[in-house]
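Trainee: Structure incoming, see below.
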Amino acid sequence: MNIVVCISSVPDTTSKINFTENGSNFDSSGVQFVINPYDEFGLTKAMMLKEVSGGGKVTIITVGDATVEPVMRKALAIGADEAIRINMTATDSYSTATEISNYLKSNPADLIITGKESIDYNGGAVGGMIAEMMKLPFINACIGLEVNGSKTKLIREIEGGKENILANLPFVIGGQKGLVQESELRIPNMRGIMQARSKPLNIIEPTANESMTESLNFKKPAEKGSCKLVDSNDVAKLVSLLQNEAKVI
Amino acid sequence: MGVLVYTESWNGSFRKSTFEAVSYANETAKLLGTEVTAISLGKVNDSELSKLGNYGASKVVSIEAVKKGDSQGCTNAIADLANDASAIIFSNTYTAKMIAPRLSAKLKIGAINNVVEIASNISPFTVKRKAFSTKAIETTKVNSKKVILSISPNSFRLIETGGSCIIESVESTEKGDVTIEGQETLSGKISISEAEIVVSAGRGLKGPENWGMIEELAEILGGATACSKPVSDIGWRPHSEHVGQTGKAVTANLYIAIGISGAIQHLAGVNSSKIMVAINTDPEAPFFKAADYGIIGDAFEVVPKMIEEIKKIT
Ligand SMILES: Cc1cc2nc3c(=O)[nH]c(=O)nc-3n(C[C@H](O)[C@H](O)[C@H](O)COP(=O)(O)OP(=O)(O)OC[C@H]3O[C@@H](n4cnc5c(N)ncnc54)[C@H](O)[C@@H]3O)c2cc1C
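Put into structure tokens, the structure is as follows:
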């Protein structure tokens, strides 16, 4: 099976988020970048599918400039076979999806995996857009995938439960925890890191670079006032504050 | 011209987030000087459909045959009706998160999700949205004439208009390449993303056997239960309850954090709740810096007392 995993390079979850002076751009100085956590579940699933089937290839693909390469090397160290970088600063979901689907149209895959969203811009749209551009089914918030020949059983999370779906490959999924468990995620070992250095990381040029949305500015949410502490022997007071002051119960 | 709104139903009923989306659509329609058409997919009876009129829909198009899990079928059914629409509104449901991006690609209309306010400009459409897991508010515009907007739950108020709507049933043969086998839902469970009150607990609770009081507190408040990431990772609670940057986002009116330290990744996903309460034995717990109210104390003493006190007033 030929699996393509879309990987986004995002600020580490512990990062303090800052913006350039007039709020026009994310300020990446001093920020560590990591594989988008939702993509990591998808990458791990891809590795497991490849191992079970005893063949095939896992390709990772990232739209970005050269600064995303360390994160791509990490994905290679975890076990992906090769990497494609589309050489363009990702500006919105539409342009990212357009580039990835244009690549996939000439390099078909059996399974395309994205994360359900990226933890930076939280657009949550690249997977669905790729699916539409390729006229393929799309199952988002995917928490179960069992491949049996070309027939597959999928589970997606829904409000208060889950839904069972059958589909034939190829299709696109948006992954999250549950696709594989947290404990199944892989930490690159020394051998993996060494091998990753010599795995192919091919750079291709964008084809369209057309975006449908544009960021105008960013602001941080207003700081909260200080916390009102209530004595632990006076729980009634807390309940009264919630009822009469905050008016939330 | 016109505003379309996708009105999601669960087992034939709408929820608050659906009515929020219709209210939002109606305010958008006023900016454009036009009217709202709602699209309902799946089986919903007329008395339920007619409720949409009270939030501003003048017409409801009901398409019974299309299934929610079939993102291609849903997208095509909506696209068939979207020719004259200047704006298409969604709530941020699981299904909407599959359809809205597809529709954006199909119709070449810019899509913006996590929207928290009505558009500040309609030409081009410009809105505020949450980004960086609620660590930032972003102002975004679309590069298309039309717009697709998905509204963050509990961020736009319900506006009852007292209006009514006409209902039209439409046949659709749109179907994608998937088969929906069925759903497994826990009945009576309130969804975390939409809940107005969320009672959440962390590793401070020591073990899964101690969740009875958390469930009871949630129940008497009419809220949902949630947990921190390690709690779901060690299997004390289901993954579907994991909230935070890498779990579900919470936008509740009241978020009660019990025995949760308040790590940056946890706060990122829950911070946009209006009021947060922390209950923690450790006065240095970072959650107290983010909370509006707090009690430094033992959850096993404080929570039962809270239950007792709340029972007195409800
Ligand atoms: C990539 C990444 C992503 C992450 N994403 C998330 C996420 O989405 N959501 C998330 O929650 N975490 C996330 N985390 C984990 C996060 O960093 C914290 O480890 C986690 O939130 C801590 O959970 P906790 O507060 O339940 O446990 P702890 O940090 O162990 O805190 C337990 C708290 O309980 C208090 N306590 C103990 N006994 C009592 C008692 N009897 N009564 C009252 N209080 C008591 C303690 O004082 C302490 O503050 C992520 C981490 C990483 C690295």
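Here the protein sequences line up with chains A and B, keeping their order. Counting in my numbering, the first sequence runs from 26 upward without gaps. Counting in my numbering, the second sequence runs from -3 upward without gaps. Glycine residues also receive a C-beta, built at the ideal position from the N, C-alpha and C atoms.
Can you give the Cα-Cα distance for Ala253 of chain B and Phe152 of chain B, rounded to whole angstroms?
Mentor: 24 Å
Trainee: Do the CB positions of Ile303 of chain B and Leu213 of chain B come within less than 8 Å of each other?
Mentor: yes
Trainee: Near Lys187 of chain A, which residues of its chain fall below 7 Å by C-beta distance, leaving aside the five closest residues on each side in sequence?
Mentor: Ile168, Ile180 and Arg181
Trainee: Closer than 8 Å, CB to CB, is Leu100 of chain A near chain B or not?
Mentor: Just to set this straight, residue 100 of chain A is Ala in the shown sequence, not Leu. No, Ala100 of chain A lies away from the interface with chain B (no Cβ there is under 8 Å from its Cβ).
Trainee: The beta strand (DSSP E) with Lys249 of chain A in it runs from where to where?
Mentor: Segment: none, Lys249 of chain A is in no beta strand (DSSP E) and carries neither H nor E.
Trainee: Report yes or no: do three or more beta-carbon pairs, one from the stretch 216 to 223 of chain B and one from the stretch 156 to 164 of chain B, lie closer than 8 Å?
Mentor: no
Trainee: Residues of chain B with CB closer than 8 Å to the CB of Leu266 of chain A, please, in chain order.
Mentor: The answer, in chain order, is Tyr289.
Trainee: Excluding the five sequence neighbours on either side, which residues of its own chain have a C-beta within less than 6 Å of the C-beta of Glu23 of chain B, listed in chain order?
Mentor: Ile114
Trainee: Quick check on Ile309 of chain B: buried or exposed, where buried means 16 or more other Cβ atoms within 10 Å of its Cβ?
Mentor: exposed
Trainee: Step through the CB atoms of chain B and report whether any lies within less than 8 Å of the CB of Tyr119 of chain A.
Mentor: yes
Trainee: Which of helix, strand or coil does DSSP assign to Ala266 of chain B?
Mentor: Residue 266 of chain B is actually Val in this sequence, not Ala. Val266 of chain B falls in the helix class under three-state DSSP.
Trainee: Against chain B, does Tyr128 of chain A count as a neighbour if the rule is that its beta carbon must be under 8 Å from one of theirs?
Mentor: Tyr128 of chain A is outside the set of residues whose beta carbon lies under 8 Å from a beta carbon in chain B.
Trainee: Kindly examine ligand 1 and report whether one of its heavy atoms sits closer than 7 Å to the Cβ of Lys225 of chain B.
Mentor: Because some heavy atom of ligand 1 lies under 7 Å away, the Cβ of Lys225 of chain B counts as near it: yes.
Trainee: Only counting the same chain, and skipping five residues up and downstream in sequence, which positions put a Cβ closer than 7 Å to that of Ala286 of chain B?
Mentor: Gly258, Leu263, Asn267 and Met272
Trainee: Mind checking Val255 of chain A: buried by the 16 CB within 10 Å criterion, or exposed?
Mentor: buried
Trainee: Along the alpha helix (DSSP H) that carries Tyr128 of chain A, what are the first and last residues, could you check?
Mentor: Ser118 to Ser131
Trainee: Below 9 Å between beta carbons is the criterion; list the residues of the stretch 45 to 72 of chain B that meet it against any residue of chain A, in chain order.
Mentor: Lys64, Gly65, Asp66, Ser67, Gln68 and Thr71
Trainee: From the DSSP output, read off the bridge partner residues of Met272 of chain B.
Mentor: B:Tyr251
Trainee: Nearest CA to the CA of Gly158 of chain B: which residue from B:Val299, B:Ala53, B:Trp207 and B:Glu167?
Mentor: B:Ala53
Trainee: Sorted by chain position, which residues of the same chain lie with C-beta nearer than 7 Å to Leu45 of chain B's C-beta, five sequence neighbours on each side aside?
Mentor: Ser36, Val56, Ser58 and Ile163
Trainee: Name, please, each residue of chain D whose Cβ falls closer than 9 Å to the Cβ of Tyr90 of chain B.
Mentor: Absent from the structure: chain D. Protein chains present are A and B.
Trainee: With DSSP collapsed to three states, give me the class of Gly217 of chain A.
Mentor: helix
Trainee: Can you name the residues that DSSP bridges to Cys70 of chain B?
Mentor: DSSP lists no partner for Cys70 of chain B.
Trainee: Could you tell me which of B:Val299, B:Ser269 and B:Ala78 sits nearest to Ser257 of chain A, measuring between CA atoms?
Mentor: B:Val299
Trainee: In chain order, what residues of the same chain have a beta carbon less than 6 Å from the beta carbon of Asn72 of chain B, not counting five sequence neighbours either side?
Mentor: Glu170
Trainee: Using CA coordinates, which residue listed in B:Val40, B:Asn110, B:Glu297 and B:Ile176 is at the minimum distance from Gly255 of chain B?
Mentor: B:Glu297
Trainee: Compute the minimum distance between the beta carbon of Asn267 of chain B and the heavy atoms of ligand 1, and state whether it is under 7 Å.
Mentor: In this structure, ligand 1 has no non-hydrogen atom nearer than 7 Å to the beta-carbon of Asn267 of chain B.
Trainee: Does the contact criterion of 3 or more C-beta pairs under 8 Å hold for the stretch 71 to 86 of chain B versus the stretch 122 to 139 of chain B?
Mentor: no
Trainee: Is Lys176 of chain A helix, strand or coil when you go by DSSP?
Mentor: The three-state reading of DSSP puts Lys176 of chain A in strand, counting E and B together.
Trainee: In its own chain, which residues sit with a C-beta less than 8 Å from the C-beta of Val273 of chain A, not counting the 5 before and 5 after it?
Mentor: Non-local C-beta neighbours of Val273 of chain A in its own chain, meaning closer than 8 Å and more than five positions away in sequence, comprise Leu267, ordered along the chain.
Trainee: Could you tell me whether the stretch 190 to 203 of chain A touches the stretch 59 to 78 of chain A, where touching means 3 or more Cβ pairs closer than 8 Å?
Mentor: yes
Trainee: Taking the straight line between their C-alpha atoms, what separation do you get for Asn132 of chain A and Ile164 of chain A?
Mentor: 21 Å
Trainee: Leaving aside the five residues before and after Ala245 of chain B along the sequence, list all residues of the same chain whose C-beta is less than 6 Å from its C-beta, in chain order.
Mentor: So the list reads Gly265, once near-sequence residues are dropped.
Trainee: From which residue to which residue does the alpha helix (DSSP H) around Leu204 of chain A run?
Mentor: Premise fails: Leu204 of chain A is in no alpha helix (DSSP H) and is neither H nor E.
Trainee: Can you pull the chain A residues whose beta carbon is under 7 Å from the beta carbon of Ser129 of chain B, in chain order?
Mentor: Ile144 and Asn147
Trainee: Tell me whether Ala100 of chain A counts as near ligand 1, meaning its Cβ is closer than 7 Å to at least one heavy atom of that ligand.
Mentor: no
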